[in-house]
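Taking it in order: structure first as structure tokens, then the write-up.
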Amino acid sequence: MTVIKWTEKQKEALKLLGSDAKHVMLYGGSRSGKTFLLTHTVFLRALKYPNTRHAIIRQTQTAARRSLWLGTVQDVIASRYANVALRVNKTDMTVTFPNGSMIEVLGVDEGAKEKMLGNEYTTIYFNECSEMMFSTVSFMYSRLAQKSAAKNKFFYDQNPPHISHWSFPMFVQGMNYYTKEKHVTPGDYVSLVLNPGDNVQNISEDYIQQLMENMNEQQKQRFIFGHFATDPDEKTVFTNWTIQSFETDPDAVFQFGCDFGFSVDPTVLIRCYLKERTLYIDHELVLKQCETIDLPKIFLSIPESQRYIIVADSARPETISHMKRHGFPKMMPSLKGKNSVMEGIELLKGYKIVVHPRCETMINELSFYSYATDKDSGKVLPEIAKGQDDHCLDALRYATEGFKLLSRRESKPFGIVASGGWSAY
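Numbering (my numbering), first residue to last: 516 to 940.
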């Protein structure tokens, strides 16, 4: 239902959105009015400041059109701006105001980043930012550069995810996601929790009761009470990992893994090394729509990638052959077989895993990789859910195939032998 009357908590949110803070996040449970409030505020800014440009961003173009453009944006126009002579372009998902201002609704999965590089904005609003990696968000930071009478601002909203997400240190702990140092200007990063209970006059009477009766405790904490998760969900596969900035061990012997893709699925290269039962992941390369002929040159951007063996997806022998002939002679196919995926996962679960913050796609996959559940009972099943993003994890499994040798030996790193195989020493 469209928000018609502001509640006291929503008025507090509007005041915060109008403050001098540069980064403002509204987070909390579902149906609290966060998206409506923020979209309305973007419209207000466009109307108040002539010839300004504003972007409302979702992770995918499909979600941007379905949830934002056809949903909240139309609700805001109908309820608050019906008397404004707006020019609405349904194809491009833009709204142009009589004063020359424009709002764009974008998804960042179909070339929107490149499109935005040519534009400067007064407001950039990241909708459902729990779905976004920090590299996507930080990429946009240079685009908040339009000069006008308005103070340039970033807005964010989300149902809070796990505390490993970049938004937790940035807004709750008040620190830089990468360095973990306190913000130099803490007043620029503010947030407010809004939950369904803060929007009771605009939702059905039994909405909260229905949630309470049909959600498990972890779901209640997120979608009703707006809490960041501190413990992994029972469906979560990997609970043995942390995000930590670290200096790569100068004596490290690296393992590389590669998963090939092109359009929907990316090509991924992962670098890692083992030290005292801890697996350190310090580099990732994630490429979409990269031609095979260009891979050798781009792979060189990961240090030492030519020097060590790269275990690659055996389903692409022609690509492995190309790489071996163009500067990567030590690339070798993975050893796939029955139960190889689950065996690789169990192997990885046996180690402590430390991921460098720059490996954001790996962090995202580790955070959300989950077991399947029975559609009728909701019981967690001993199998991996289908359709998940797992390209970095596949590459990591390939990189660590040599670890299987450790099941019969003391934990030591692996070195490269002349035969091109693995050797523990």
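Virtual Cβ for every residue (Gly too), placed ideally from N, Cα, C.
Could you please give me the residues that DSSP links to residue i through a beta bridge?
i: residue 783; result: 774 and 801
i: residue 571; result: 620 and 640
i: residue 870; result: 758 and 796
i: residue 604; result: 609
i: residue 668; result: 638
i: residue 864; result: Paired residue(s): none; residue 864 is not in a bridge.
i: residue 886; result: 899
i: residue 751; result: 885
i: residue 707; result: 541
i: residue 848; result: 827
With a threshold of 16 other CB atoms inside 10 Å of the CB of residue i, please say whether the residue is buried or exposed.
i: residue 682; result: buried
i: residue 818; result: exposed
i: residue 792; result: exposed
i: residue 795; result: buried
i: residue 824; result: buried
i: residue 672; result: buried
i: residue 745; result: exposed
i: residue 896; result: exposed
i: residue 640; result: buried
i: residue 643; result: buried
i: residue 769; result: buried
i: residue 815; result: exposed
i: residue 526; result: exposed
i: residue 749; result: exposed
i: residue 547; result: buried
i: residue 808; result: exposed
i: residue 727; result: exposed
i: residue 581; result: exposed
i: residue 929; result: Annotation note: pLDDT 41 at residue 929 (below 50); position unreliable, coordinate value reported separately. Buried, by the Cβ-count rule.
i: residue 573; result: buried
i: residue 714; result: buried
i: residue 577; result: exposed
Taking the alpha carbon of residue i as the reference point, which residue from the options has its own alpha carbon closest?
i: residue 658; options: 684, 616, 678 and 631; result: 631
i: residue 739; options: 525, 807 and 545; result: 545
i: residue 667; options: 699, 537 and 710; result: 537
i: residue 862; options: 915, 584, 765 and 870; result: 915
i: residue 709; options: 856, 769 and 553; result: 553
i: residue 756; options: 867, 567 and 637; result: 867
i: residue 706; options: 700, 694, 685 and 697; result: 685
i: residue 899; options: 584, 691, 884 and 912; result: 884
i: residue 946; options: 742, 850 and 809; result: Outside the modelled stretch of the chain, which goes from 516 to 940, sits residue 946, for which no answer is possible.
i: residue 702; options: 539, 636 and 661; result: 539
i: residue 524; options: 774, 541 and 620; result: 541
i: residue 661; options: 636, 651, 677 and 675; result: 636
i: residue 855; options: 779, 913 and 573; result: 913
i: residue 822; options: 870, 590 and 845; result: 845
i: residue 779; options: 891, 874, 624 and 634; result: 624
i: residue 789; options: 775, 894 and 771; result: 771
i: residue 810; options: 776, 830, 587 and 829; result: 776
i: residue 830; options: 605, 847 and 762; result: 847
i: residue 478; options: 578, 622, 571 and 558; result: The structure shown does not extend to residue 478, since the chain spans only 516 to 940, so no value can be given for it.
So for residue i, helix, strand or coil by DSSP?
i: residue 697; result: strand
i: residue 520; result: coil
i: residue 894; result: coil
i: residue 880; result: helix
i: residue 673; result: strand
i: residue 565; result: coil
i: residue 927; result: Because residue 927 carries a pLDDT of 42, less than 50, the predicted location of this residue cannot be relied on, and the following value inherits that uncertainty. Residue 927 falls in the coil class under three-state DSSP.
i: residue 534; result: coil
i: residue 823; result: coil
i: residue 910; result: helix
i: residue 789; result: strand
i: residue 728; result: helix
i: residue 684; result: helix
i: residue 540; result: strand
i: residue 743; result: coil
i: residue 656; result: helix
i: residue 583; result: helix
i: residue 690; result: strand
i: residue 769; result: strand
i: residue 854; result: coil
i: residue 553; result: helix
i: residue 807; result: helix
Please tell me whether, using a cut-off of 6 Å, the distance from the CB of residue i to the nearest non-hydrogen atom of the ligand ADP is below it.
i: residue 636; result: Only the bare structure without any ligand can be found here, which leaves the ligand ADP out of the picture.
Next on the checklist: Using a Cβ distance threshold of 8 Å, determine whether the stretch 901–913 contacts the stretch 871–883, with at least three qualifying pairs required.
Outcome noted: yes
Checklist entry - Is it true that the stretch 796–806 meets the stretch 778–786, where meeting means three or more beta-carbon pairs spaced less than 8 Å apart? => result yes
Checklist entry - Three or more C-beta pairs closer than 8 Å, one from the stretch 608–626 and one from the stretch 560–574: is that the case here? => result yes
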